[in-house]
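Notes follow once the structure below has been shown.
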Amino acid sequence: VDCTASAEEKRRLKTEREEIEDAIDLARGPNGVVRALELIVMRMAHRKVPALTHDELQVVREKALLAIIEKFDAGATTSAIANQLEATAVNKARDVQAAAISSRDHMEQGDPVVLLKAHPSPLNVATAVEEHEDYNRVIDALAQLRDANERYYEVIMAQIDGFPIPQRLKNRFNEDVTDVTARKLLQRARERFETILSGLAKATAS
Amino acid sequence: MNPSDEMLKIAAVFVEQPDPSDRVKDALARVKRAPLSALVDQMIRESSGFALKSALKKIADLNQGQVHDLDAPDFRSYIIARTGLSDEHLRDCVSAIATYAKVKQAVESGAGATLIAARAEKGEIKNEVSPSDVLRELARRVK
Chain A
83 VDCTASAEEK RRLKTEREEI EDAIDLARGP NGVVRALELI VMRMAHRKVP
133 ALTHDELQVV REKALLAIIE KFDAGATTSA IANQLEATAV NKARDVQAAA
183 ISSRDHMEQG DPVVLLKAHP SPLNVATAVE EHEDYNRVID ALAQLRDANE
233 RYYEVIMAQI DGFPIPQRLK NRFNEDVTDV TARKLLQRAR ERFETILSGL
283 AKATAS
Chain B
6 MNPSDEMLKI AAVFVEQPDP SDRVKDALAR VKRAPLSALV DQMIRESSGF
56 ALKSALKKIA DLNQGQVHDL DAPDFRSYII ARTGLSDEHL RDCVSAIATY
106 AKVKQAVESG AGATLIAARA EKGEIKNEVS PSDVLRELAR RVK
């Protein structure tokens with residue numbers, strides 16, 4: 083068995099390591115810019131604990147950051163923090179998940195997320211490009227979608243979190259919708275989101 | 006580019022709260038000077054005209070680590086990458102910091118002060134000796 087990493091693999095690992103150290107240094111720098119570090123931490127957490135909802139990720143974001151800042155305060159080196167970063171992110175994600183299990187069970191009770199199974203998301207692309215600028219573009223596009231139509235935004239978030247859309251709309255807006263209406267809303271929300279996203283991509287390219 | 010569900014979920018976190026929480030901001034604002042940097046700051050303050058001063062300042066400015074971290078290869082490689090110091094220059098700095106730290110520890114425990122006071126040039130006893138004084142005495146005796 084060939085256990086040696088290919089040159090390509092070594093280059094990828096080196097780049098990832100540098101990206102992580104750069105993000106840590108930006109956070110501990112004089113301006114305390116934490117966005118890049120937050121993105122990395124959330125990606126690590128989500129990969130190991132994919133069932134986290136975006137609300138839970140919000141909690142993981144803060145808890146993991148506070149744990150890392152404690153290490154800054156103790157004088158830990160960037161290299162040491164980088165070595166432990168994934169473990170820190172995943173531990174916090176598991177803590178948050180354990181705390182959220184009971185409420186999530188309650189939310190999903192009696193509803194097997196039929197809508198999701200019937201309509202797999204076309205947005206689920208395995209080979210997504212994960213450069214920071216792309217993240218930033220998606221963040222901008224989602225923010226624009228929320229400003230333009232909060233129901234569409236909630237519909238998309240319900241789908242990616244795995245919550246039934248009718249239940250989400252009932253919780254957020256006290257609005258009763260049928261599965262048929264939810265499907266139509268989802269289709270329109272996707273179209274609107276993709277239009278915003280492609281508009282932003284064109285603006286960046288020009 | 007088509008965003009993945011993971012990307013959308015993470016993006017939503019920033020849409021709902023664009024900036025870090027106040028707790029995170031407060032915690033960042035309260036981060037203390039790292040022990041290694043504090044030691045090197047003191048070393049620079051006490052040692053005027055020190056040849057390694059600018060290299061040491063670059064290490065202090067990283068604001069991280071403790072003296073024993075200087076033994077870790079990944080931290081050394083990080084320092085070289087971030088400061089542009091040569092390997093040789095870094096070795097000199099590490100050696101100077103380690104010596105200073107040892108002397109400081111000896112002075113603080115009392116052993117160094119007694120030792121140096123017993124051998125001082127004019128035979129006087131000093132109750133308070135700084136690590137730099139100790140190092141100066143050592144240099145004088147070596148000459």
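Just so you know, the protein sequences line up as chains A and B, in that order. Here the first sequence is numbered in our numbering, starting from 83 and rising by one per residue. Here the second sequence is numbered in our numbering, starting from 6 and rising by one per residue. The beta-carbon is built from N, C-alpha and C at its ideal position, and this holds for glycine as well.
Is residue i helix, strand or coil when you go by DSSP?
| i | result |
| --- | --- |
| residue 195 of chain A | Any reading at residue 195 of chain A must be qualified, since the residue scores a pLDDT of 40, below 50, and its modelled position is unreliable; the value itself is stated next. Coil at residue 195 of chain A, not helix or strand. |
| residue 189 of chain A | Here the model assigns residue 189 of chain A a pLDDT of 46, short of 50, so the residue's position is not dependable and the matter cannot be decided. |
| residue 26 of chain A | Since the first residue shown for chain A is 83 and the last is 288, residue 26 of chain A is missing from the structure and cannot be characterised. |
| residue 115 of chain A | coil |
| residue 125 of chain A | helix |
| residue 165 of chain A | helix |
| residue 229 of chain A | helix |
| residue 23 of chain A | With chain A covering 83 to 288 only, the question about residue 23 of chain A has no answer from this structure. |
| residue 47 of chain B | helix |
| residue 137 of chain B | helix |
| residue 174 of chain A | helix |
| residue 154 of chain A | helix |
| residue 160 of chain A | helix |
| residue 55 of chain B | coil |
| residue 295 of chain A | Nothing can be reported for residue 295 of chain A: it is not among the residues displayed for chain A, which extend from 83 to 288. |
| residue 39 of chain B | coil |
| residue 69 of chain B | coil |
| residue 22 of chain B | coil |
| residue 107 of chain A | helix |
| residue 258 of chain A | coil |
List the endpoints of the continuous alpha helix (DSSP H) containing residue i.
| i | result |
| --- | --- |
| residue 233 of chain A | 232-243 |
| residue 281 of chain A | 261-287 |
| residue 110 of chain B | 92-114 |
| residue 251 of chain A | 247-255 |
| residue 88 of chain B | 78-88 |
| residue 8 of chain B | Run containing residue 8 of chain B: none; DSSP gives neither H nor E here. |
| residue 59 of chain B | 58-66 |
| residue 30 of chain B | 27-34 |
Report the rounded CA-to-CA distance for residue i versus residue j, giving the unit in angstroms.
| i | j | result |
| --- | --- | --- |
| residue 44 of chain B | residue 106 of chain B | 8 Å |
| residue 138 of chain A | residue 21 of chain B | 12 Å |
| residue 27 of chain B | residue 116 of chain A | 13 Å |
| residue 130 of chain A | residue 169 of chain A | 10 Å |
| residue 212 of chain A | residue 219 of chain A | Its pLDDT being 44, under 50, residue 212 of chain A is placed unreliably by the model, and the measurement read from it follows with that caveat. So the two alpha carbons sit approximately 11 Å from each other. |
| residue 154 of chain A | residue 25 of chain B | 17 Å |
| residue 271 of chain A | residue 114 of chain A | 36 Å |
| residue 34 of chain B | residue 269 of chain A | 45 Å |
| residue 97 of chain B | residue 285 of chain A | 52 Å |
| residue 225 of chain A | residue 23 of chain B | 10 Å |
| residue 121 of chain A | residue 257 of chain A | 33 Å |
| residue 14 of chain B | residue 133 of chain A | 11 Å |
| residue 164 of chain A | residue 262 of chain A | 48 Å |
| residue 103 of chain B | residue 136 of chain B | 12 Å |
| residue 280 of chain A | residue 101 of chain A | 27 Å |
| residue 95 of chain B | residue 81 of chain B | 8 Å |
| residue 75 of chain A | residue 126 of chain A | Lying before the first or after the last residue shown, residue 75 of chain A is absent from chain A, which here runs from 83 to 288. |
| residue 70 of chain B | residue 29 of chain B | 21 Å |
| residue 267 of chain A | residue 234 of chain A | 7 Å |
| residue 236 of chain A | residue 259 of chain A | 13 Å |
| residue 221 of chain A | residue 40 of chain B | 38 Å |
| residue 84 of chain B | residue 152 of chain A | 21 Å |
| residue 119 of chain A | residue 141 of chain B | 45 Å |
| residue 227 of chain A | residue 56 of chain B | 59 Å |
CB of residue i to nearest heavy atom of the ligand GTP: below 8 Å?
| i | result |
| --- | --- |
| residue 32 of chain B | Only the bare structure without any ligand can be found here, which leaves the ligand GTP out of the picture. |
Touch test, the stretch 106-125 of chain A against the stretch 159-171 of chain A, Cβ-Cβ under 8 Å, three pairs minimum: yes
Cβ contact check for the stretch 88-99 of chain B and the stretch 51-65 of chain B: 3 or more pairs under 8 Å: yes
Within 9 Å of chain B by C-beta, residues of the stretch 154-173 of chain A in sequence order: 154, 155, 156, 157, 158, 159, 160, 161, 162, 163, 164 and 165
Inter-stretch contact (C-beta, 8 Å, three-pair minimum) for the stretch 242-255 of chain A and the stretch 34-52 of chain B: no
The stretch 235-269 of chain A: positions lying closer than 9 Å to chain B by Cβ: 235, 238, 239, 241, 242 and 243
The stretch 108-117 of chain B contacting the stretch 68-79 of chain B, beta-carbon criterion three pairs below 8 Å: The stretch 68-79 of chain B and the stretch 108-117 of chain B do not touch, with fewer than three beta-carbon pairs separated by less than 8 Å.
Contact set between the stretch 13-29 of chain B and chain A, restricted to residues whose Cβ is under 7 Å from the partner: 13, 14, 15, 16, 17, 18, 19, 20, 21, 22, 25, 26, 28 and 29
Chain-ordered residues of the stretch 33-63 of chain B with a beta carbon less than 9 Å from chain A: 33, 34, 35, 36, 37, 38, 39, 40, 41, 42 and 43
Chain B contacts from the stretch 117-136 of chain A (Cβ-Cβ distance under 9 Å): 117, 120, 121, 124, 125, 128, 129, 132, 134, 135 and 136
Selection of the stretch 277-288 of chain A by Cβ proximity to chain B, strictly under 9 Å: 279 and 283
Chain B contacts made by the stretch 102-115 of chain A, where a contact means CB separation under 8 Å: 103, 107, 109, 110 and 114
Members of the stretch 95-116 of chain B that neighbour chain C once the beta carbon cut-off is set at 8 Å: Protein chains A and B are contained in the structure displayed, whereas chain C is not.
Contact residues within the stretch 141-154 of chain A, judged by C-beta distance below 7 Å to chain B: 143, 144, 147, 148, 151 and 154
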